[in-house]
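Protein chains in written order, with my numbering: chain A, 1 to 111; chain B, 1 to 115.
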Amino acid sequence: GEDVEQSLFLSVREGDSSVINCTYTDSSSTYLYWYKQEPGAGLQLLTYIFSNMDMKQDQRLTVLLNKKDKHLSLRIADTQTGDSAIYFCAETGGSASKIIFGSGTRLSIRP
Amino acid sequence: EAQVTQNPRYLITVTGKKLTVTCSQNMNHEYMSWYRQDPGLGLRQIYYSMNVEVTDKGDVPEGYKVSRKEKRNFPLILESPSPNQTSLYFCASSSPGREVTGELFFGEGSRLTVL
Chain A
1 GEDVEQSLFL SVREGDSSVI NCTYTDSSST YLYWYKQEPG AGLQLLTYIF
51 SNMDMKQDQR LTVLLNKKDK HLSLRIADTQ TGDSAIYFCA ETGGSASKII
101 FGSGTRLSIR P
Chain B
1 EAQVTQNPRY LITVTGKKLT VTCSQNMNHE YMSWYRQDPG LGLRQIYYSM
51 NVEVTDKGDV PEGYKVSRKE KRNFPLILES PSPNQTSLYF CASSSPGREV
101 TGELFFGEGS RLTVL
């Protein structure tokens, strides 16, 4: 079945860029998402990209999609302490009922 | 304020004692879903509902029940909880009319411990 994989942990220094990677197996994915989960809270949609796009930029966030390799990445520029969270990669062929989530990457920021 | 509300937020119970986790959304969303979050496993879908009186199994439905009698409410029922159901549970909702198809709105989570 479909699978989404991400590394579990990432530690970066405050002010550096963070790059969180994700691979997926479903070649029919239409939408790919990054959700953010802050401590003690539910997930919130951070950004998304359509499968016919290569890149999307939104302020400090850059999403890169390599459809051939089924690889998605999220780059956070100038990482701040408020960026500490778990980041989930997710994909779907177009239905909310079929969204597949990765295991989440815990981003920690060191001074 | 648009939100998904879950109750209780925290619960410690014992094996076999029936419990219900409520979920309510005020966004008139058709779609609602329950997930459990376990370390290293991410989010796994338990049950989902495309609309009132329509429910379907997700990836890990064993030991759980749901109902969707009204559009806004989607309770999760554990008839006879067991320790392997100790987890963090999330309710989510969505509407097909959203600009970003499949964008989910999550509750704050319910941490359940079964002793």
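Don't be surprised by glycine CBs; every beta carbon is placed ideally from N, CA and C. Just so it is clear, the structure is predicted and the values come from calculations on it, not from any experiment.
Host beta strand (DSSP E) of residue i (start-end)
{"i": "residue 71(A)", "result": "71 to 76"}
{"i": "residue 76(B)", "result": "76 to 78"}
{"i": "residue 116(B)", "result": "Any property of residue 116(B) remains undetermined from this structure, which presents chain B solely from 1 to 115."}
{"i": "residue 91(A)", "result": "85 to 92"}
{"i": "residue 92(B)", "result": "87 to 94"}
{"i": "residue 27(B)", "result": "No beta strand (DSSP E) contains residue 27(B), which DSSP labels as neither H nor E."}
{"i": "residue 14(B)", "result": "That residue, residue 14(B), is in no beta strand (DSSP E); it is neither H nor E in DSSP."}
{"i": "residue 58(A)", "result": "55 to 58"}
{"i": "residue 80(A)", "result": "No beta strand (DSSP E) contains residue 80(A), which DSSP labels as neither H nor E."}
{"i": "residue 7(B)", "result": "4 to 7"}
{"i": "residue 99(A)", "result": "It is not in any beta strand (DSSP E) - residue 99(A) carries neither H nor E in the DSSP assignment."}
{"i": "residue 56(B)", "result": "54 to 57"}
{"i": "residue 64(B)", "result": "Looking at the DSSP string, residue 64(B) is not in any beta strand (DSSP E), and its letter there is neither H nor E."}
{"i": "residue 6(A)", "result": "Note, residue 6(A): premise wrong, no beta strand (DSSP E); not H, not E."}
{"i": "residue 114(B)", "result": "110 to 114"}
{"i": "residue 52(A)", "result": "Element bounds for residue 52(A): n/a, residue is neither H nor E."}
{"i": "residue 42(B)", "result": "42 to 51"}
{"i": "residue 63(A)", "result": "61 to 66"}
{"i": "residue 19(A)", "result": "18 to 24"}
{"i": "residue 71(B)", "result": "Neither: residue 71(B) is in no beta strand (DSSP E) and is coded neither H nor E."}
{"i": "residue 104(B)", "result": "Counting along the chain, residue 104(B) falls outside any beta strand (DSSP E), and DSSP gives it neither H nor E."}
For residue j and residue i, believed in contact at Cβ under 8 angstroms, the rounded distance
{"i": "residue 112(A)", "j": "residue 22(A)", "result": "In the structure displayed, chain A extends from 1 to 111; residue 112(A) sits before or after that span and is not available."}
{"i": "residue 71(B)", "j": "residue 28(B)", "result": "7 angstroms"}
{"i": "residue 87(B)", "j": "residue 36(B)", "result": "4 angstroms"}
{"i": "residue 42(A)", "j": "residue 42(B)", "result": "Between residue 42(B) and residue 42(A) the Cβ distance is about 14 angstroms, and since that is not below 8 angstroms, they are no contact."}
{"i": "residue 21(B)", "j": "residue 47(B)", "result": "Wrong, their Cβ atoms sit about 12 angstroms apart, outside the cutoff."}
{"i": "residue 110(B)", "j": "residue 11(B)", "result": "7 angstroms"}
Residue i versus residue j - alpha carbon distance
{"i": "residue 4(A)", "j": "residue 90(A)", "result": "7 angstroms"}
{"i": "residue 88(A)", "j": "residue 107(A)", "result": "11 angstroms"}
{"i": "residue 49(B)", "j": "residue 13(A)", "result": "42 angstroms"}
{"i": "residue 45(B)", "j": "residue 64(B)", "result": "11 angstroms"}
{"i": "residue 51(A)", "j": "residue 5(B)", "result": "32 angstroms"}
{"i": "residue 55(B)", "j": "residue 68(B)", "result": "7 angstroms"}
{"i": "residue 106(B)", "j": "residue 49(A)", "result": "20 angstroms"}
{"i": "residue 32(B)", "j": "residue 24(B)", "result": "9 angstroms"}
{"i": "residue 108(B)", "j": "residue 93(B)", "result": "12 angstroms"}
{"i": "residue 67(A)", "j": "residue 102(B)", "result": "20 angstroms"}
{"i": "residue 98(A)", "j": "residue 26(A)", "result": "11 angstroms"}
{"i": "residue 79(B)", "j": "residue 16(A)", "result": "49 angstroms"}
{"i": "residue 56(A)", "j": "residue 13(B)", "result": "46 angstroms"}
{"i": "residue 60(A)", "j": "residue 115(B)", "result": "44 angstroms"}
{"i": "residue 2(B)", "j": "residue 2(A)", "result": "31 angstroms"}
{"i": "residue 110(A)", "j": "residue 86(A)", "result": "15 angstroms"}
{"i": "residue 19(A)", "j": "residue 17(B)", "result": "45 angstroms"}
{"i": "residue 53(A)", "j": "residue 46(A)", "result": "17 angstroms"}
Handout entry: Inter-stretch contact (C-beta, 8 angstroms, three-pair minimum) for the stretch 67 to 87 of chain A and the stretch 30 to 39 of chain A
Key = yes
Problem - Stretch pair the stretch 77 to 86 of chain A + the stretch 55 to 73 of chain B: three plus CB contacts closer than 8 angstroms - result: no
Problem - Within 7 angstroms of chain E by C-beta, residues of the stretch 8 to 34 of chain A in sequence order - result: The question asks about chain E, but that chain is absent: this structure's protein chains are A and B.
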